[in-house]
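For the sequence shown, this note's numbering assigns the number 280 to the initial residue and increments by one for each residue that follows. Glycine residues also receive a C-beta, built at the ideal position from the N, C-alpha and C atoms. Keep in mind the model is a prediction, meaning the values are calculated, not measured. Each remark here refers to the structure printed beneath this line.
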Amino acid sequence: MSRRMGQDKGSMIIQEKPMILHILERLNYKINDATIVLNDAERIADYQSLLNQYSDGEIEDNFDYSLSFVEDEVKSKGPISGIMTGLKNIKTDYALVLPCDSPFISEEFIEKMFDLLEENLESSDVDAIIPFHIKSNKDKFKDNDDFNFNDVGEMTDDMKIQNSEPLHSIYKKENLINIDELLKEDKLYVKSFIKSLKN
């Protein structure tokens, strides 16, 4: 539920469709399974009803992949709990994580993420593929000249994490142990999870 928008973001209608439907359509022919993690059974029923309303026939008939809905395992802990629940429910070693409120995510971005995973797996073990912006945070860190940079070579790991998009990333299922430890310590900031990763 979005506090700023006053309603559930994924169910908001953008260009005549719910936000979540835009994302699901862009995943067609790129994945085998999609797991939608929601807070509770009521919200799952609402999303299923909404998707059926905007789909031709049954929801599953509109996609070339299997679609499942699961309830957040740990309540009221934000996106990190959703990532954990999603990773526990995947059938593969890696999962692409996307938020329900990114209706304009491009097919090119999705393909690039999977390409990067494949390329990196050829040479090393990979914990995650996390995109970040190559931009200066001068406005955010006005008194810190360390944040003036123009290309990736000038960025430290902390800068990359600061500019990262952790909810548009690929994570390895084995990282569940890291999330579990962070939840036990009540560290809910997703970027804390990124800092815990090695590769």
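What number of angstroms, rounded off, separates the C-alpha of residue i from the C-alpha of residue j?
i           : j           : result
residue 346 : residue 312 : 6 Å
residue 334 : residue 341 : 7 Å
residue 465 : residue 408 : 24 Å
residue 434 : residue 443 : 12 Å
residue 445 : residue 471 : 10 Å
residue 387 : residue 351 : 29 Å
residue 475 : residue 344 : 31 Å
residue 315 : residue 306 : 13 Å
Note down, in chain order, each residue of its chain lying with its Cβ closer than 8 Å to the Cβ of residue i, except the 5 sequence neighbours on either side.
i           : result
residue 455 : 363, 366, 367
residue 371 : 311, 312, 452
residue 353 : 360, 363, 364, 462
Flag this pair as yes or no: are the beta carbons of residue i and residue j separated by less than 7 Å?
i           : j           : result
residue 329 : residue 338 : no
residue 391 : residue 411 : no
residue 323 : residue 348 : yes
residue 374 : residue 326 : no
residue 406 : residue 296 : no
residue 290 : residue 376 : no
residue 413 : residue 431 : yes
Excluding the 5 residues flanking residue i on each side, which residues of the same chain have their C-beta closer than 6 Å to its C-beta?
i           : result
residue 382 : 293, 298, 301
residue 309 : 389
Less than 7 Å between C-beta atoms, sequence neighbours within five positions excluded: which residues of the same chain meet that for residue i?
i           : result
residue 479 : Only positions 280 to 478 of the chain appear in the structure, and residue 479 is not among them; the question remains open.
residue 288 : 281, 298, 379, 380
residue 463 : none
residue 319 : 350
If we count the other Cβ atoms within 10 Å of its Cβ and call it buried at 16 or more, is residue i buried or exposed?
i           : result
residue 469 : buried
residue 400 : exposed
residue 336 : exposed
Which ranges would you report for the alpha helix (DSSP H) in the stretch 281-362 if only whole runs of at least 4 residues count?
-> 298-305, 320-333
Ranges of the alpha helix (DSSP H) found wholly within the stretch 366-416, counting only runs of at least 4 | Secondary structure remark: continuous alpha helix (DSSP H) runs of at least 4 residues inside the stretch 366-416, in chain order: 386-400.
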